[in-house]
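Visitor:
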Amino acid sequence: MTNTWLMKSEPDCFSIDDLASRPNQTEAWDGVRNYQARNMMRDQMRLGDRVFFYHSNCKVPGIAGIAEISKVSFADHTQFEPDSQYFDPKATLAKPIWYLVEVQFVEKFNAVLSLEQMRHTPGLEDMLLLRKGSRLSITPVTNEQGQIIMSLAL
DNA sequence: GCCAACGTTGGC
DNA sequence: GCCAACGTTGGC
255 MTNTWLMKSE PDCFSIDDLA SRPNQTEAWD GVRNYQARNM MRDQMRLGDR VFFYHSNCKV
315 PGIAGIAEIS KVSFADHTQF EPDSQYFDPK ATLAKPIWYL VEVQFVEKFN AVLSLEQMRH
375 TPGLEDMLLL RKGSRLSITP VTNEQGQIIM SLAL
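Each number in my numbering corresponds to the 1-based position in the first sequence with 254 added.
#1: Round the Cβ separation of Ala-345 and Gln-333 to the nearest angstrom and send it over; I've been treating them as touching at under 8 angstroms.
#2: Does the count of Cβ pairs from the segment 260-269 and the segment 387-398 closer than 8 angstroms reach three?
#3: Just mark Met-255 as buried or exposed, buried being the case when its beta carbon has 16 or more other beta carbons within 10 Å.
#4: What did DSSP end up calling Arg-304 once you bin it into helix, strand or coil?
#5: At what residue ranges does the segment 297-376 contain a whole run of the beta strand (DSSP E), taking only runs of 3 or more?
#6: Compute the beta-carbon to beta-carbon distance between Leu-367 and Trp-283, rounded to the nearest angstrom, for a pair I have assumed lies under 8 angstroms.
#7: Taking 8 angstroms as the threshold (C-beta atoms), are Glu-281 and Glu-335 in contact?
#8: Can you list, in chain order, the residues of its chain whose CB lies under 6 angstroms from that of Val-360, leaving out five sequence neighbours each side?
#9: For Trp-283, which beta-bridge partners are listed by DSSP?
#10: Name the two residues that bound the continuous alpha helix (DSSP H) containing Ser-405.
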């Protein structure tokens with residue numbers, strides 16, 4: 255059973271083009287410091303799960319393309335690095351606090367499927383992304399929502 | 001740049 | 001364990 259997720263990234267920081275140009279087109283999704291998001295990565299994501307790569311905090315926020323989970327949950331190394339902005343002094347090697355997954359590029363949409371368009375698409379009303387005040391950087395997407403999104407993607 | 005909504009922190 | 005204060009997210 256393959257699930258679908260939506261993962262946000264600020265394109266100024268890390269965009270889908272950045273992912274596509276990485277060696278192996280993979281990237282460890284480090285720096286997540288929210289427990290709900292961590293729990294999804296740690297406990298629920300499976301190899302091959304589909305990821306909608308969402309560009310946030312930019313001119314046209316929306317889904318820029320697709321990735322997939324290429325490596326399941328392991329400790330986020332940045333929590334151990336004092337020089338990292340993601341350093342967590344409470345974390346130890348024996349007891350890591352933060353976990354991440356690795357994602358791999360699959361495809362880039364010809365055009366970003368905008369937040370605006372998703373808001374106006376019947377069938378997507380219940381997407382967690384569209385909830386007022388929703389800031390969670392990782393959210394589950396239902397199969398139905400996933401199919402609708404794929405039908406809109408160019 | 002503004003600010004609403006949310007999560008976290010820490011005093012009590 | 002409550003909750004005010006604070007910091008962050010992210011659309012607009």
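For each residue, glycine too, the CB sits at the ideal point set by N, CA and C.
Guide: This is what the structure gives:
#1: 4 angstroms
#2: yes
#3: exposed
#4: strand
#5: 304-309, 316-329 and 353-368
#6: So it is not a contact: roughly 21 angstroms between Cβ atoms.
#7: no
#8: Ile-320, Ala-321 and Glu-322
#9: Trp-283 is not bridged to any residue.
#10: 397-406
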